[in-house]
Every structure is written in structure tokens, then in C-alpha cells.
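Enquirer:
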Amino acid sequence: MQRQVLKYDGGKWVPADDMGTSGALTGLTGDVSSSGAPSATVTLNDNVVTSAKIVDGTIVNADIAAGAAITDSKLATLTTAGKVSGNAIISGTIGGSTAINTSGLIQTSTGLRVYSGSNYVELKAPTLSQNTSYELPFSDGSTGQLLTTDGGGKLSWTTITTSGGTVTGVTASAPLVSSGGTAPVISLNNSGVAAGTYDRVTVTAKGLVTGGSNVTATDLPNLAGDVTSTAGLSNSKVEKIQGIPVASTTPSLGQILMFDSSKWNVQYFGFGELRSTVTGNTQMPASCATANKTLNWSAITDTFTCANIAIANTQVSGLGTASTKDFGDSAGNLVELDGSGKIPAALLPASGDNLGNHTATTNLNMGTYNITNAGKIYLADGAWNTPSLSFASSPSTGISNSGGIMKFTSGGNLAMDLSATSLILNGSFGPLMRLGGGSFTAANPTYSFGGYSSSGMFPGTGMLGFSVNGTERLRMDSNGMIGVGTTSPTRRLHIVGDGTDYGDDIFMEGVNSETAVPQISLVRSRGTASTRNPILANDTIGTLAFRGYDNSTHAYSARISSNAETDFATAVNGNLRFYTAAAGTDAERMRITGSGNVGIGTTSPLSTLHIKSNEADVVMDGTNPFVVQRSTAYPTASMEVAGIGYRSESPTPSTNLWPPQANVSFRATENHTASAQGTGLSISTTANGSTTRQERVKIDGAGDVTVMGKLIGAVKDTSGNSLRACVGSSSPGGWTYYAVNTTGGTWCSAYKDISTSSCNFSTVFNYFPTLDASVGSHWVTFGATSVYNITPTSFRIYIGILGSYDSTNCNASAVPHNSYGYYIRWMGVGL
738 MQRQVLKYDG
748 GKWVPADDMG
758 TSGALTGLTG
768 DVSSSGAPSA
778 TVTLNDNVVT
788 SAKIVDGTIV
798 NADIAAGAAI
808 TDSKLATLTT
818 AGKVSGNAII
828 SGTIGGSTAI
838 NTSGLIQTST
848 GLRVYSGSNY
858 VELKAPTLSQ
868 NTSYELPFSD
878 GSTGQLLTTD
888 GGGKLSWTTI
898 TTSGGTVTGV
908 TASAPLVSSG
918 GTAPVISLNN
928 SGVAAGTYDR
938 VTVTAKGLVT
948 GGSNVTATDL
958 PNLAGDVTST
968 AGLSNSKVEK
978 IQGIPVASTT
988 PSLGQILMFD
998 SSKWNVQYFG
1008 FGELRSTVTG
1018 NTQMPASCAT
1028 ANKTLNWSAI
1038 TDTFTCANIA
1048 IANTQVSGLG
1058 TASTKDFGDS
1068 AGNLVELDGS
1078 GKIPAALLPA
1088 SGDNLGNHTA
1098 TTNLNMGTYN
1108 ITNAGKIYLA
1118 DGAWNTPSLS
1128 FASSPSTGIS
1138 NSGGIMKFTS
1148 GGNLAMDLSA
1158 TSLILNGSFG
1168 PLMRLGGGSF
1178 TAANPTYSFG
1188 GYSSSGMFPG
1198 TGMLGFSVNG
1208 TERLRMDSNG
1218 MIGVGTTSPT
1228 RRLHIVGDGT
1238 DYGDDIFMEG
1248 VNSETAVPQI
1258 SLVRSRGTAS
1268 TRNPILANDT
1278 IGTLAFRGYD
1288 NSTHAYSARI
1298 SSNAETDFAT
1308 AVNGNLRFYT
1318 AAAGTDAERM
1328 RITGSGNVGI
1338 GTTSPLSTLH
1348 IKSNEADVVM
1358 DGTNPFVVQR
1368 STAYPTASME
1378 VAGIGYRSES
1388 PTPSTNLWPP
1398 QANVSFRATE
1408 NHTASAQGTG
1418 LSISTTANGS
1428 TTRQERVKID
1438 GAGDVTVMGK
1448 LIGAVKDTSG
1458 NSLRACVGSS
1468 SPGGWTYYAV
1478 NTTGGTWCSA
1488 YKDISTSSCN
1498 FSTVFNYFPT
1508 LDASVGSHWV
1518 TFGATSVYNI
1528 TPTSFRIYIG
1538 ILGSYDSTNC
1548 NASAVPHNSY
1558 GYYIRWMGVG
1568 L
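Spelled out as C-alpha cells, the structure:
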């Protein structure tokens, strides 16, 4: 039956009639009280009306008790339709932001001030013998216009045009001259120069240059004297220097000009041309050409003389009294070099030479002849930057001694220190290797660094240790176990933290612009390290374990492992298993299969999320505990977008899944877009003795409920379409002037378009409006129930107000409907 509702009968919801029961109103409580029944008189209790209980925070047409004070912040407007009229306000001020609205006159006997802060602009009336009024124009003027009066007090915007005056005469001072009169001609005085062309420049009588051309060499006068020219400067040459003629001979490379007593002549310059600064004669002797001659210069005469070459025996150290020394291989002879700076091999002994106890004051070069047999070379210690033993091609590369430590220098840089107990590379901060016997520990490592001798590597029984600042930090034992923070590692990598912040952490950070990221890889294969074989199904590939000490051992608290689902040689399928411990025993709690199914309480999940438990399967808590989202961007009408269902487990769930026996599904009721997303709800169940699920209850996007195919509580039109009711209210004001009537009764009318788009009507049956006011009264109005221009999204209403109206108080700028705050409450019926 139609117009039924769902009513709970104590065990289930059933369709039923519920027409309600009538009875008498016995009483009202709260801010109102009542008397009488069944027709009750309702009275508003005293002192219960506050601004919070008034819809717009104002008091309309209410009496205010005498002497009551109302601050101006509590008054939005004062109107002559209220309690202020005529000359009711005769003194004082109305301050703050209070507005005064009146259809009469605002009268002041002093002036009208408009304030900006503490400053103001004041308008005052002059002393008048009669009344004067000005009427402002209807619209605004343009830029530059002025307000002008027509002589009768009506102002209008006027554009002022200006015209120039008359010039009666203009005078000018030199070098300008004026012709005078009302249209004078201003010009330059003549300069006194005759117009014409002067040396390629053309000028006027007033000195104005009007033309010109380039100056050429022929325009200049010819030169005379030491430099002469013809045709101006186009052909000039030097013919004399200081009045002495210059020879016309063309010089050759390397020749100079020299005075030959009559002219400047061209010739080469040789030693024979040198002259004494004392006598002016030639400096060189006439002949000095033999091989045993040399030139001696005299500072007195500034000349050279020719002399024989002779060296006295006193001028050569070691010659004694002998007057001469010969070259040869006899006793007392001098050794003559072979021309390449070396002693001839014939003059050297055939076997090794004992240098004896000689002291070399410079370098000892043994690049060709070496010391053999048992011999020693004693050198000075030197320094690392000036080695005692170096090389001719690289003097800054060599060996020196410093307190028994040999210092090896390369290219001026200290490369190595070598002592009886250590070897240090790259200077004092390079690697240091302790040599010889001794006890090597973390504080005294075998291999360390010069500036940090207590940091390095040291050996021990069956171990190799690494220390920093004398403390062991890492150890590798004979089984290949590596310990960090422990001297007894039991695993390939055994790390013991120090209990400080970050001291127990392993931190990996990747900093790059590539796709590589930090990764911990747990890798496993069957076989051996040299011959690897694929893993098999159910093999554990790797485990991340969490263990805690329980006074006897480190017991498992939780672990995550990955296992192969198939033989990897055939197909690579793996799962992830999560274990936690309860009462000392850890067990698998959750599994993620290779296909992505998640199982909680089951090792064979059959869907994306499969929960199996004898207790409450899912407990959700929160403000929005459960949301199902479909991945389809925009579903189409009737498409199931989400659902919650129940199904029994079949005897063979891994191969045969039964369909849900009951479910709640959510379906799109229209094709979804960004602005249209209607969605409904459907409830389906399966009857006893059946395996077919059927829809029992449906709620569409508009909220209409259908039970077993019957619409509950619906209102239909004559065609059987379900109708919807929608209510709304417009905002006060916003009325547009329509007309004013001054004959047969005066009234003012205006209209307003009312938006109903929030109802989402596709078809509208009718609108039912009523008029209300937020400020004034509306009992003298007509037209409130008539609607025009009906559409599914709007309608128009015209309201007339009876009263004393004409074009002065009812026009496009003065609409009383807006002053009274008229607005429309309405109800619409449609599809």
C-alpha cells in the first residue's frame, strides 16, 4: 500500500499505517507558557527575548522603555518609520557607525562635518535672507567637469572650455630680432660675415653653416726647410737634418745614418767606427789580429790597445815558482779535458780508485765512474728539504738524516721516514708501520698513521683488530666473524651498541640524483658458493628477526621472513610472513602472498584482504573508521561502486568460492561527473532454502526508500512520478523597481528573482511563496502569492506596497521594499 512507513514491531521492521493519534495540548514549557486545551493560548515569557534569539539580531517595531539606554553599536539604523520622527532628536550627537535613514530632512543650524580621524571637512551656510536649495544631478559627471547651476538651484555637470588671449606685441634682444605686431617674426641678426664659401665651408650672412667638404692635402701650403713638399702635403720628404743634407741612397738592413763631414751618409756600423769620448779619435788600434793578442782598455784615453796574452805564475794557485806548466800525463802536468767537460779515459786508472778521506765542497758526481769493493762515503746529515744525497736532474729529490731517521724526499716533498722500528709514508701524517718485534695492541697498533699513532690495525692470536684512539672498535676472528663493539663475535657480523643515542643504530643514507636508493639485500641460493642452485618451494629466503634477552638467551619477539612459493627455476613467486610471540612461542600472524592477497589468521588468503578468526574479525574505531573507494574514476549509472557482503566458506575454498549470501552495496544513480555524483544504497539477502540473493531494500540518491519493490511514503503526480518538496528563503533586500501608480490609489511595486537551484529540480510543479520583512511591516502589500517566470531553478515575484508614493520616493534609486528588508520564504514541489 502507498503512504506506509517502516515500523518496528519488537522483532523486526514491517510496513504499517501510521496516521497518528489526536489529543489535547496540555501545556508548553521553556521560553513560552500556555493555557487552555485543546485550543491553547501561548504567551512569551518575560525577559526571554535576547539578541541571540532574534533571527537577525535586531528589534523591529518594538517599544523601548522610557529612560532605557541603547548604545549606538546596538542600533543598525534609525528610521522615521520607527520611534524617531519629526524633531525627535533636537540635541546631542549620533556617533559611531550608526546610520540615519529618513525620507524627511536632516536639519542643522551650524554646519555639516565629515570626519577623517580627528580632521574634518565642514559645509556651512552663509548668512541668508531667504531659503536656497540645490538639487544634485542624477548621475556622476566625467573627468574635468564642474557643477554649475541653472539659476534655479538645479545643478548639472558642465564641461568648461577655454580660449587663448590676443598677442599685442613681441620684442627680442640680440642676437634675436622681432618684426613686432600681433603676429611677429623672430629671426637672428646678421653676423657681419658676407655669405659665401670659405675654405670648403659655406655660411650665410647670419653665420649659419649650410654646407662643406673634406680638406685635401693640396689645400695646405707647401713646406720648405729641412722638410720639403709639393702639392701641399701630398708629396713631402726630409732632405736635411739641422741644415745638413741627407744622402739620397736607399739604406739596407742594419745600416745607419752617419755624418761623413759633408752630409748624412748611409753605411754599416763596426768596431772601427767607435770614437774616444776624450780625444775623438778611433778607439780600436789599426791592427790586432794574431791569436795571442788581447785588447786592453784605458779609462784615461777611452781607447783600446793591443797586447800579448801572458799569465804570471803568481796568478795561478799551486804552480809554485815554476814559470810554466804543460798539459800531459807526466808529473806536474795539467790535465786537459776531452772537449765534453770530462777527463779522458786514458788519464784515469784502469781499476777502482780509493778516494781516501776527501772532503767535497760541492757535488760529487759518480754518474759514470762508481765506487766498487769495500768502500764508504760519508755525507753531511742535510735536511729533508736539502738532502745530502740527491741527483743532478732533481736536486730536491734524495736522502737525508735526522737523528738516526732516514728521510726520503721527492720533488721537495717529504715522502717517507725510515727508522729501526717504524716506516712512515707521506710525512708526519702518513701511514705508519712499526717494524721489528714487540707487543702490538689497540693502543700501539702495528700499522697506524704518523699523526695518530694510537689509531690503526694490530694482530693477535687468531684475530686482526682495528683501533681508534687506543680503543679497539672492530675485530675479525679466525673464523671470519666480524665484531663491532664486541671482542667475541658469534655471527658473520656481530654488532653490540654502546647504549647511547644513535650508538645502537645502523643508518644508511642515499644522496644522489639517480634512481638508486639505499637497500638491505638478504640473498640465498642452494648449492655451494662456487656452484649455486635455485631455491625450492617453501625455502626461507631471509628473515628479519627481533629478539630480546630473557635471562638465559635472546628469545624471539617477532620476525618477518620471505619464503618461496614455487621452485624458482620454474617461476619466481614469493610471500612475506609476519610472526609475533605470545607466551614464549612465536607464530605466523599475517601473510602477503605473491599475488598481493593479505591473510590475517589464514595462510591461504582468497582475496585482497582475508581475515579469519573465532573472535570479532574487524574492530574499527575513529571519527571516520571505514571508507571504501572504487578505483573507477567516474562510474556509470547503476554500477556498483562499493559493497559489504557475507558468504559461508565452501568445503573447498581454495578452488570453489561461494558467492555472498547477503550484502549491502552502494550503486551510482547517475553517470558520475565532477559536479554530479548521485549514489544510492541496496540491501540484498538470501531466503531460507535458496542460494539466490535478492534485493530487499533500496534507497535512491534522492532519499526515496523502496521495500520489496514498493515505494514507502512517496507522493506521486497523476503520471505516477514521485514528487519532492523543497523549501528555502531569499535574503532581505535586492528588489528591483518596477512601477509607481499615482491614480486610483497610490502604490509602489518592485520585483525579485528567487533562486531555487539548491533543490536540483529537473521539473518543477509549482512554487508556494510567502512574504516576510526583516525591518518594516508588510500588511499593506499585495501580490505575495503570485509567481511568474517559473523554471526548475528560479521564479519571479512582484510585490506592491499601498501608501503615499510618487516618483520622489519610489524610483530606481528609492525602493521601499529594500528599506523594509522584504524577503520571500517559499516551498517548491517537483521532480
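Per the numbering used here, the very first residue in the sequence shown carries number 738; after that it's consecutive. Glycine is no exception: its CB is placed at the ideal position from the N, C-alpha and C atoms.
Applying the 10 Å Cβ sphere with the 16-neighbour rule, what's the burial state of Val-1260?
Expert: Here residue 1260 refers to the residue found at position 523 when the sequence shown is read from its first residue. That one is exposed.
Enquirer: Starting from Asn-1206 and walking both ways along the alpha helix (DSSP H), at which residues does that stretch end?
Expert: By one-based count along the sequence shown, residue 1206 stands at place 469. First-last for Asn-1206: undefined, no H or E at that position.
Enquirer: With distance defined between alpha-carbon atoms, name the residue in Phe-1403, Asp-1441, Arg-1384 nearest to Val-1364.
Expert: Mapped onto the sequence shown, residue 1364 falls at position 627. That would be Phe-1403, whose Cα lies nearest to the Cα of Val-1364.
Enquirer: Taking just the CA atoms, how far does Ala-1023 sit from Gly-1017?
Expert: Looking up residue 1017 in the sequence shown gives position 280. Looking up residue 1023 in the sequence shown gives position 286. Distance between the alpha carbons of Gly-1017 and Ala-1023: 15 Å.
Enquirer: Going by other Cβ atoms of all chains shown within 10 Å of its Cβ, with 16 needed for buried, is Asp-1543 buried or exposed?
Expert: The count along the sequence shown starts at 1 and reaches residue 1543 at position 806. By the 10 Å Cβ count, Asp-1543 comes out exposed.
Enquirer: For the beta strand (DSSP E) that Asn-1300 lies in, which residues bound it at each end?
Expert: On the sequence shown, position 563 is the one that residue 1300 refers to. Per DSSP, Asn-1300 belongs to the beta strand (DSSP E) from 1291-1301.
Enquirer: Expressed to the nearest angstrom, what Euclidean distance is found between the alpha-carbon atoms of Ala-1439 and Ser-1419?
Expert: The residue you call residue 1439 lines up with position 702 of the sequence shown. The residue you call residue 1419 lines up with position 682 of the sequence shown. Cα to Cα, Ala-1439 sits roughly 14 Å from Ser-1419.
Enquirer: In angstroms, rounded to a whole number, what distance separates the CA positions of Thr-1528 and Val-1501?
Expert: Position 791 of the sequence shown holds residue 1528. Position 764 of the sequence shown holds residue 1501. Spanning the two alpha carbons is a distance of roughly 7 Å.
Enquirer: Of all the alpha helix (DSSP H) runs that stay within the bounds of the region 1201-1253, which reach a length of 4 or more residues?
Expert: Listed in chain order, nothing qualifies, since the region 1201-1253 has no complete alpha helix (DSSP H) run of 4 or more residues.
Enquirer: What's the C-alpha gap between Tyr-1184 and Arg-1296?
Expert: Reading the sequence shown from its first residue, position 447 is the one you call residue 1184. Reading the sequence shown from its first residue, position 559 is the one you call residue 1296. About 41 Å.
Enquirer: Is Asn-1312 buried or exposed, if buried means 16 or more other CB atoms sit within 10 Å of its CB?
Expert: The residue labelled residue 1312 in the question sits at position 575 within the sequence shown. With 16 or more other Cβ atoms within 10 Å, it is buried.
Enquirer: Can you tell me whether DSSP reads Asn-959 as helix, strand or coil?
Expert: For the purposes of this step, residue 959 is identified with residue 222 of the sequence shown, where counting begins at 1. Three-state DSSP puts Asn-959 in coil, outside helix and strand.
Enquirer: Are the CB atoms of Gly-1193 and Pro-1182 within a distance shorter than 9 Å?
Expert: Translated into positions along the sequence shown, residue 1182 becomes position 445. Translated into positions along the sequence shown, residue 1193 becomes position 456. Result yes, Cβ atoms of Pro-1182 and Gly-1193 sit closer than 9 Å.
Enquirer: Tell whether a beta-carbon distance below 9 Å holds between Ser-1137 and Thr-1123.
Expert: For the purposes of this step, residue 1137 is taken as residue 400 along the sequence shown, with counting starting at 1. For the purposes of this step, residue 1123 is taken as residue 386 along the sequence shown, with counting starting at 1. Going by C-beta atoms, Ser-1137 is nearer than 9 Å to Thr-1123.
Enquirer: So what does DSSP say about Ser-1556, is it helix, strand or coil?
Expert: Numbered from its first residue, the sequence shown carries residue 1556 at position 819. In the structure shown, Ser-1556 sits in a helix (DSSP, three-state: H, G or I).
Enquirer: Taking the alpha-carbon positions, what's the Leu-1074 to Leu-1116 distance?
Expert: Counted from its first residue, the sequence shown places residue 1074 at position 337. Counted from its first residue, the sequence shown places residue 1116 at position 379. Their backbone Cα atoms lie some 28 Å apart in a straight line.
Enquirer: Would Asn-927 and Leu-913 qualify as a contact pair, given that the criterion is a beta-carbon distance under 9 Å?
Expert: On the sequence shown, position 190 is the one that residue 927 refers to. On the sequence shown, position 176 is the one that residue 913 refers to. Taking 9 Å as the Cβ cut-off, Asn-927 and Leu-913 do not qualify as a contacting pair.
Enquirer: So, using beta-carbon positions, are Gly-1558 and Trp-1484 closer together than 9 Å?
Expert: Mapped onto the sequence shown, residue 1558 falls at position 821. Mapped onto the sequence shown, residue 1484 falls at position 747. Result no, Cβ atoms of Gly-1558 and Trp-1484 do not sit closer than 9 Å.
Enquirer: The beta strand (DSSP E) spanning Leu-1259 covers which residue range?
Expert: Sequence index remark: in the sequence shown, residue 1259 carries index 522 (1-based). Counting along the chain, Leu-1259 falls outside any beta strand (DSSP E), and DSSP gives it neither H nor E.
Enquirer: Buried or exposed, going by whether 16 or more other CB atoms sit within 10 Å of the CB of Tyr-1602?
Expert: Residue 1602 cannot be examined here, being either before or after the span of the chain that is shown, 738 to 1568.
Enquirer: Out of Ala-1413, Val-1356, His-1347, Ala-1320, state which residue places its alpha-carbon closest to the alpha-carbon of Ala-1370.
Expert: For the purposes of this step, residue 1370 is identified with residue 633 of the sequence shown, where counting begins at 1. It is Ala-1413.
Enquirer: Buried or exposed: Val-922, going by 16 or more other Cβ atoms within 10 Å of its Cβ?
Expert: The count along the sequence shown starts at 1 and reaches residue 922 at position 185. Counting Cβ neighbours within 10 Å, Val-922 comes out exposed, since fewer than 16 surround it.
Enquirer: Since Pro-982 sits in a beta bridge, which residues does DSSP pair it with?
Expert: As a first step, residue 982 is located in the sequence shown; it is residue number 245 there, counting from the start. Note: Pro-982 sits in a beta bridge opposite Lys-977.
Enquirer: Using DSSP's beta-bridge definition, name the partner residues of Thr-725.
Expert: This structure leaves residue 725 out entirely; the chain is present only between 738 and 1568.
Enquirer: Please report the distance separating the alpha-carbon of Thr-947 from that of Gly-962.
Expert: Within the sequence shown, numbered from 1, the residue matching residue 947 stands at position 210. Within the sequence shown, numbered from 1, the residue matching residue 962 stands at position 225. Distance between the alpha carbons of Thr-947 and Gly-962: 39 Å.
Enquirer: Pick helix, strand or coil for Phe-1008, following the three-state DSSP scheme.
Expert: Taking the first residue of the sequence shown as position 1, residue 1008 is located at position 271. Correct three-state label for Phe-1008: helix.
Enquirer: Are the region 1127-1134 and the region 1148-1155 touching, with three or more C-beta to C-beta distances below 8 Å?
Expert: Taking 8 Å as the limit for Cβ pairs, the verdict is that the region 1148-1155 does touch the region 1127-1134.
Enquirer: Tell me whether Cys-1463 sits in a helix, a strand or coil according to DSSP, three-state version.
Expert: For this step, residue 1463 is matched to residue 726 along the sequence shown. Cys-1463: strand per DSSP, three-state reduction.
Enquirer: Among the residues of its own chain, which have a CB less than 6 Å from the CB of Glu-1209, if the five just before and after it don't count?
Expert: Indexing the sequence shown from 1 puts residue 1209 at position 472. Result list for Glu-1209: Ala-1179, Gly-1202, in chain order.
Enquirer: Looking at C-beta atoms only, is the number of pairs between the region 999-1009 and the region 979-986 that lie closer than 8 Å three or more?
Expert: The region 999-1009, when compared against the region 979-986, does touch it at the 8 Å Cβ threshold.
Enquirer: Along the chain, where does the beta strand (DSSP E) containing Lys-1489 start, and where does it finish?
Expert: By 1-based counting over the sequence shown, the position of residue 1489 is 752. 1484-1492 is the extent of the beta strand (DSSP E) around Lys-1489.
Enquirer: Please return the same chain residues whose Cβ sits closer than 8 Å to the Cβ of Phe-1283, not counting the five positions on each side in sequence.
Expert: Taking the sequence shown and counting its residues from 1, the one referred to as residue 1283 is at position 546. The residues are Tyr-1293, Ser-1294, Ala-1295, Arg-1296.
Enquirer: Please report the straight-line C-alpha distance between Thr-1330 and Ser-1298, rounded to a whole angstrom.
Expert: To locate residue 1330, count along the sequence shown from 1; it is residue 593. To locate residue 1298, count along the sequence shown from 1; it is residue 561. About 12 Å.
Enquirer: What does a CB cutoff of less than 7 Å around Thr-1031 pick up in its chain, not counting 5 residues either side in sequence?
Expert: By one-based count along the sequence shown, residue 1031 stands at place 294. Cβ within range, chain order: Ala-1044, Ile-1046.
Enquirer: Using the three-state DSSP reduction, which class does Ala-1379 fall into: helix, strand or coil?
Expert: Against the sequence shown, residue 1379 aligns to sequence position 642. Note: Ala-1379 maps to strand in three-state DSSP.
Enquirer: Measure the alpha-carbon distance for Ser-870 versus Thr-895 and round it to whole angstroms.
Expert: Numbered from its first residue, the sequence shown carries residue 870 at position 133. Numbered from its first residue, the sequence shown carries residue 895 at position 158. Each residue's Cα considered, the two are about 19 Å apart.
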